[in-house]
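> Mapped onto this note's numbering, the consecutive letters of the sequence shown carry residue numbers 4 to 178.
After the structure tokens below, expect a handful of questions from me.
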Amino acid sequence: MIVGKTMGLIGAALVSGLAGAGICALIALDLLGEELFVKLWRSASAGFAAPGATPSMLADARDITFFTAVEAKEHGIAVTTGVSFSTVADLLAAKQKSRWCYVLANPRSGLARQIELGKQSGSAAPVYADLSVYPPEELAAIGLSANMLQSLARTHCRFAKGRATMPFPNGEGRT
């Protein structure tokens with residue numbers, strides 16, 4: 004009951020706050036004219052470039068990296084793929100530097116462990132990791148096996164075929 008009243012009060016406060024902000028915006032618009040908002044918009048969007056052009060604020064960016072995670076619900080883990088581009092020009096040209104794929108195993112006791120499933124350099128074919136190096140009893144303790152991980156690597160890692168793609172969870176870039 005107390006929670007319901009508290010949520011009601013919070014909701015009322017939010018609505019009142021939004022209404023107050025709206026009224027202040029209308030008064031500012033009336034007193035200062037439309038130019039105030041136009042100036043604010045111009046200053047906020049000044050750093051962005053035209054579509055297809057490299058934004059000036061990113062021109063010197065290096066080692067640009069993106070990640071995606073694909074859930075393996077039947078195993079209770081996520082398979083993560085990262086893709087790295089050397090420069091903004093490489094990103095725009097879809098010229099990847101590398102990709103890598105891994106799972107993060109979280110045992111009930113002990114430290115989390117990142118298990119590499121594979122990697123890909125440039126446009127070369129992906130190289131899958133030799134998972135037999137992991138002791139079977141350690142993998143079993145966290146509900147995994149080398150065979151299971153090899154299967155997940157081939158179905159859940161998002162490596163590029165031919166021209167690099169962003170590693171989307173729904174399948175693009177999938178091997």
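Ideal placement from N, C-alpha and C gives every residue a C-beta, glycine not left out.
1) Counting only the same chain and skipping the five closest in sequence on each side, list residues whose C-beta sits under 6 angstroms from that of Leu134.
2) Between which two residues does the alpha helix (DSSP H) holding Leu155 run?
3) Candidates Ala128, Phe70 and Arg111: which alpha carbon is nearest Ala143's?
4) Look at the alpha carbon of Val238 and the alpha carbon of Val86, and state the distance between them as a whole number of angstroms.
5) I need the DSSP call for Ala92, collapsed to helix, strand or coil.
6) On a Cα-Cα basis, can you pick out the residue from Ala92, Leu155 and Phe162 that is closest to Ile80?
7) DSSP state of Pro135, grouped into three classes?
8) If you run the structure through DSSP and keep just helix, strand and coil, what is Glu74?
9) Within the continuous beta strand (DSSP E) that includes Gln123, where are the two ends?
10) Measuring straight from C-alpha to C-alpha, what distance separates Leu147 and Pro129?
11) Which first and last residues belong to the beta strand (DSSP E) in which Ala108 is found?
12) For Val106, I'd like the list of residues in its chain whose CB is within less than 6 angstroms of its CB, leaving aside the five on either flank, ordered along the chain.
13) Can you tell me whether Phe162 is buried or exposed? The criterion is at least 16 other CB atoms within 10 Å of its CB, across all chains shown.
14) Rounded to the nearest angstrom, what separates Gln123 and Ala96 at their Cα positions?
On the basis of the supplied data:
1) Around Leu134: Ala149, Leu152 and Gln153.
2) Run containing Leu155: Ala149 to His159, per the alpha helix (DSSP H) assignment.
3) Looking at the Cα atoms, Arg111 is the closest of the given residues.
4) Because residue 238 is not part of the residues shown, which for the chain are 4 to 178, the question remains open.
5) Reduced to three states, the DSSP call for Ala92 is helix.
6) Answer by Cα proximity: Leu155.
7) In the sequence on display, residue 135 carries Ser and not Pro. Three-state result, Ser135: helix.
8) Strand.
9) Element bounds for Gln123: Arg116 to Ser124.
10) Rounded to whole angstroms, Leu147 to Pro129 spans 22 angstroms at the Cα level.
11) Where Ala108 is concerned, the enclosing beta strand (DSSP E) stretches over Ser101 to Ala108.
12) Exclusion of the five residues before and after Val106 leaves Ile80, Val82 and Ile118 as the residues of its chain whose Cβ lies within less than 6 angstroms of its Cβ.
13) Buried, since its Cβ has 16 or more Cβ neighbours within 10 Å.
14) Those two C-alpha atoms are separated by around 18 angstroms.
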